[in-house]
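Numbering (our numbering), first residue to last: 564 to 1133.
Quick reminder that beta carbons are idealized off the backbone N, C-alpha and C, glycines included.
Report on the structure given below.
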Amino acid sequence: MYRGIAASPGIVIGPVFVLEEEDFIIQKRKIDDEKSEIFRFRKALNKTKQEMVHTKKKALQRLGKKHARLFDAYLLILDDTMLREDTVEMIAKEKVSAEYALHQVMENVLLFFEEIDDEYFKERGQDIYNVGRKVLRHLLGRERITLNQLESQVIVVAHNLTPSDTIAMREEKVIGFATDIGGKTSHVAIMAHSLEIPAVVGLRDITRNIKDGDMIILDGNQGIVIINPDTSTLENYYREQQIFLAEEKDLEKLKDFPAVTLDGHKINLIANIEVPEEIKSVLSHGASGIGLYRTEYLYMNRKDFPSEEEQYESYKAVAKNMLPYSVTIRTLDLGGDKFSQQFKLAPERNPFLGLRAIRFCLKYPDIFKTQLRAILRASVKGKLKIMYPMISGIEELRQANKILEEVKDDLRRKKIDFDNDIEVGVMIEVPSAALVVDILVQESDFLSIGTNDLIQYLLAVDRVNENVTHLYEPLHLSILRLLKEIIQTGKKSRSGVAMCGEMAADPAVTMILLGLGLREFSMSAISIPKVKRIIRSIKIEETKQLADEILSLSDNEEIKKVLRKRGIRI
Ligand code: PEP
Ligand code: MG
């Protein structure tokens, strides 16, 4: 039995499909005909070159000359003697296959640059290696095996998955997945939750002990995976599965009941979505709006950028289908653990602290403007709001708002309609922003607390790293104190305060959040009924008492004890 982190609820039983990492274990292979091997190598170089020229053209259109220069650098690397001549020489001299020779050369280059005590050169070594990988892929004639090759229902097991892998699952035959790495609030886990795919992450070495076709039980409620279970375990789990499904059915009945406390306080329960297709589930789970639309998923699993028109169509569809409710569209939050294929930027050493979200948009204003135009145009089709991610202080908010004003002016000049009063909000997910909420509210219409990142940044715990999951503690006193501060300060202004991080979806902390003053909770649609059930069973006064009691304690074990005493499972 493997214990990992319960990432997305549900129990599934089925055969395993092991999704391989993109590894390049290349055996030494002797060849007889070095001329044709060199020819094969040159052909692969040319193919890579064509591919890059094509990507460069796209970059030119989208990003302008300055940023397209990156591809010039890559093209130069392709022509450089280091990769080209050294590989040819090795094939000729040692009579080895092109892939083996190239791989050896790549490793040597990497080692050489690694030894230079200069970050710049280390990065150039990595660039050369990355270009080499592209050529290698052509030589090996392979792409990473993808999920769309699946023929029957499977549970995917992988060392790691990207959020884009997860999103690809929705159209494929994946009934659940398990990974070696990852944390509860990684986007892979969040995505699985939204798509209602049971998942367990952070299993450490499961991929080493499993093979295609093995039968497994995946328990996304407890974070357990059992490989090739015996009959009695299977029977137990089939029973558990039935109980789980029955409980889900029971919760469905809450759909048409209001989210009101016993003493009559109305709480707003709204949904987080990643793709417009989720709207059906949003409505069927009784959400009264969308508090977070993670638009970056529009940018994934594709080779180009979504055009303004394409974005407009998506935002319009969401806006229309959600009427009379409002939809908060979060502007692009790429970076961290979410990447797009269009930007083959050099990997960052600390991506969560790197060029992410609003920082990326401010660096590439054309991409940002395209999105803002699409949102503004769609704003006349329903009730849309705009929200910026990863704002760290007033300067970034002003820069983003300035760009928004430019886009609005442009639309006015062109006599294109948009909602003049569209509300603009800020995600509070960076501690520095949390500490200047009083200033941010003066230049924004609403706040939404992103606890997934706020916890990661405040406690210095990588949200996707399974080795530090035990330190990722939403009930840390520092978090609770800061949440209180954000909510209370926000409430003093005219701004609304919502929460859209995973904490909002956790029924174990619903009472505390209510006690701290939160009245708007945004979460994956399937979590709504569980939170609603709690809301309908308590009085605000008792939540306030609980929050006060908890804030007077000094460590999270004591906090958990108090919650357990109240019958809360934590
Ligand atoms: C958050 O950080 O809490 C959040 C809602 O945004 P994301 O999970 O997409 O980073
Ligand atoms: Mg975030």
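Nearest to residue i (by Cα), restricted to the options the options
{"i": "Ala-741", "options": "Leu-861, Gly-567, Glu-876, Glu-682", "result": "Gly-567"}
{"i": "Asp-782", "options": "Leu-925, Tyr-801, Thr-770, Asp-775", "result": "Tyr-801"}
{"i": "Gly-739", "options": "Asn-784, Asp-643, Leu-703", "result": "Asn-784"}
{"i": "Glu-815", "options": "Val-1094, Glu-1104, Ile-1101", "result": "Val-1094"}
{"i": "Gln-613", "options": "Ile-744, Val-694, Glu-686, Ala-721", "result": "Val-694"}
{"i": "Ser-1007", "options": "Glu-958, Lys-1047, Thr-1014", "result": "Glu-958"}
{"i": "Arg-592", "options": "Glu-662, Ile-574, Asp-642, Gly-956", "result": "Glu-662"}
{"i": "Thr-748", "options": "Asp-1111, Leu-1034, Lys-944, Val-651", "result": "Leu-1034"}
{"i": "Val-751", "options": "Met-732, Asp-680, Ile-769", "result": "Met-732"}
{"i": "Arg-696", "options": "Leu-673, Ser-757, Asp-980", "result": "Leu-673"}
{"i": "Asp-982", "options": "Pro-994, Glu-968, Met-990", "result": "Glu-968"}
{"i": "Val-575", "options": "Leu-1045, Glu-1048, Lys-736", "result": "Lys-736"}
Distance, residue j Cα to residue i Cα
{"i": "Leu-960", "j": "Ile-954", "result": "6 Å"}
{"i": "Ser-1117", "j": "Lys-1124", "result": "12 Å"}
{"i": "Arg-707", "j": "His-701", "result": "Interpretation of Arg-707 is limited by its pLDDT of 48, a score under 50 that renders its predicted location unreliable; the figure taken from the coordinates is listed afterwards. Going by the C-alpha atoms only, they are around 12 Å apart."}
{"i": "Ile-836", "j": "Met-754", "result": "9 Å"}
{"i": "Gln-590", "j": "Asp-900", "result": "32 Å"}
{"i": "Ser-660", "j": "Ile-789", "result": "42 Å"}
{"i": "Ile-985", "j": "Gly-776", "result": "52 Å"}
{"i": "Lys-946", "j": "Ser-877", "result": "14 Å"}
{"i": "Leu-1126", "j": "Leu-1038", "result": "11 Å"}
{"i": "Ser-1087", "j": "Asn-1028", "result": "22 Å"}
{"i": "Tyr-951", "j": "Leu-974", "result": "20 Å"}
{"i": "Gln-689", "j": "Ala-920", "result": "24 Å"}
{"i": "Glu-1121", "j": "Ala-1071", "result": "15 Å"}
{"i": "Lys-1128", "j": "Leu-1109", "result": "11 Å"}
{"i": "Phe-580", "j": "Asn-723", "result": "14 Å"}
{"i": "Met-562", "j": "Val-719", "result": "Shown here, the chain extends from 564 to 1133; a query on residue 562 therefore has no answer."}
{"i": "Tyr-862", "j": "Lys-621", "result": "14 Å"}
{"i": "Ser-1056", "j": "Leu-638", "result": "53 Å"}
{"i": "Asn-1030", "j": "Met-669", "result": "31 Å"}
{"i": "Asn-1119", "j": "Ile-1133", "result": "11 Å"}
{"i": "Leu-832", "j": "Leu-1021", "result": "26 Å"}
{"i": "Phe-868", "j": "Lys-978", "result": "26 Å"}
{"i": "Tyr-565", "j": "Glu-759", "result": "22 Å"}
{"i": "Ile-966", "j": "Val-845", "result": "31 Å"}
{"i": "Asp-721", "j": "Thr-770", "result": "Note on identity: in this sequence residue 721 is Ala, with Asp being the wrong assignment. Cα to Cα, the separation comes out at about 6 Å."}
Residue i, DSSP secondary structure in three states
{"i": "Met-1066", "result": "helix"}
{"i": "Lys-946", "result": "strand"}
{"i": "Arg-707", "result": "Reliability of the predicted coordinates at Arg-707 is poor, the pLDDT of 48 falling under 50, and the value obtained from them is presented with this limitation in mind. Of the three classes helix, strand and coil, the one that applies to Arg-707 here is coil, per DSSP."}
{"i": "Leu-766", "result": "coil"}
{"i": "Asn-1119", "result": "helix"}
{"i": "Gly-988", "result": "strand"}
{"i": "Lys-1102", "result": "coil"}
{"i": "Phe-868", "result": "coil"}
{"i": "Asp-782", "result": "strand"}
{"i": "Val-1072", "result": "helix"}
{"i": "Gly-746", "result": "coil"}
{"i": "Thr-891", "result": "strand"}
{"i": "Ser-758", "result": "The question names Ser, but residue 758 in the sequence shown is Leu. The answer is coil: DSSP assigns Leu-758 none of H, G, I, E or B."}
{"i": "Phe-981", "result": "coil"}
{"i": "Val-575", "result": "strand"}
{"i": "Lys-829", "result": "strand"}
{"i": "Phe-675", "result": "helix"}
{"i": "Val-720", "result": "strand"}
{"i": "Phe-820", "result": "coil"}
{"i": "Leu-638", "result": "helix"}
Neighbourhood of residue i by C-beta, 8 Å cutoff - its chain only, sequence neighbours within 5 removed
{"i": "Lys-818", "result": "Ser-847, His-848, Gly-849, Pro-1092"}
{"i": "Leu-641", "result": "Leu-608, Thr-611, Lys-612, Met-615, Arg-647, Val-694, Val-698"}
{"i": "Phe-675", "result": "Gly-688"}
Contact set for residue i: own chain, Cβ-Cβ below 6 Å, skip 5 residues either direction
{"i": "Val-823", "result": "Lys-829"}
{"i": "Asp-980", "result": "Val-943"}
{"i": "Phe-915", "result": "Gly-899"}
Residues near residue i in its chain [Cβ-Cβ closer than 7 Å; skip 5 each side]
{"i": "Gly-1053", "result": "Val-1000, Val-1004, Leu-1010, Val-1060"}
{"i": "Glu-677", "result": "Lys-685, Gly-688"}
{"i": "Ala-941", "result": "Tyr-875, Tyr-878, Lys-879, Ala-882, Leu-947"}
{"i": "Ile-1113", "result": "Leu-1043, Ile-1075, Ile-1122, Val-1125"}
is_contact[residue i, chain C] using C-beta, thresh 9 Å
{"i": "Leu-1079", "result": "Annotation note: the requested chain C is absent from the structure, which comprises a single protein chain."}
**contact_flag[the region 986-998, the region 830-847] where n(CB pairs < 8 Å) is 3 or more** = A contact between stretches requires three or more CB pairs, one per stretch, nearer than 8 Å, and the region 986-998 fails this requirement with the region 830-847.
**Asked** When the Cβ atoms of the region 850-857 are set against those of the region 883-895, are three or more pairs found closer than 8 Å?
**Response** With the rule of 3 Cβ pairs closer than 8 Å, the region 850-857 counts as touching the region 883-895.
**Asked** Okay, do the region 591-599 and the region 642-659 touch, 3+ Cβ pairs below 8 Å being the bar?
**Response** Counting Cβ pairs under 8 Å, three or more are found: they touch.
**Asked** If you pair each beta-carbon of the region 569-585 with each one of the region 755-766, do three or more pairs fall below 8 Å?
**Response** Because the criterion of three Cβ pairs below 8 Å is met, the region 569-585 and the region 755-766 touch.
**Message:** For the pair the region 869-876 and the region 912-931, tell me if three or more CB-CB distances fall below 8 Å.
**Reply:** Too few Cβ pairs lie closer than 8 Å, so no.
**Asked** Are three or more beta carbon pairs between the region 602-612 and the region 791-799 nearer than 8 Å?
**Response** Too few Cβ pairs lie closer than 8 Å, so no.
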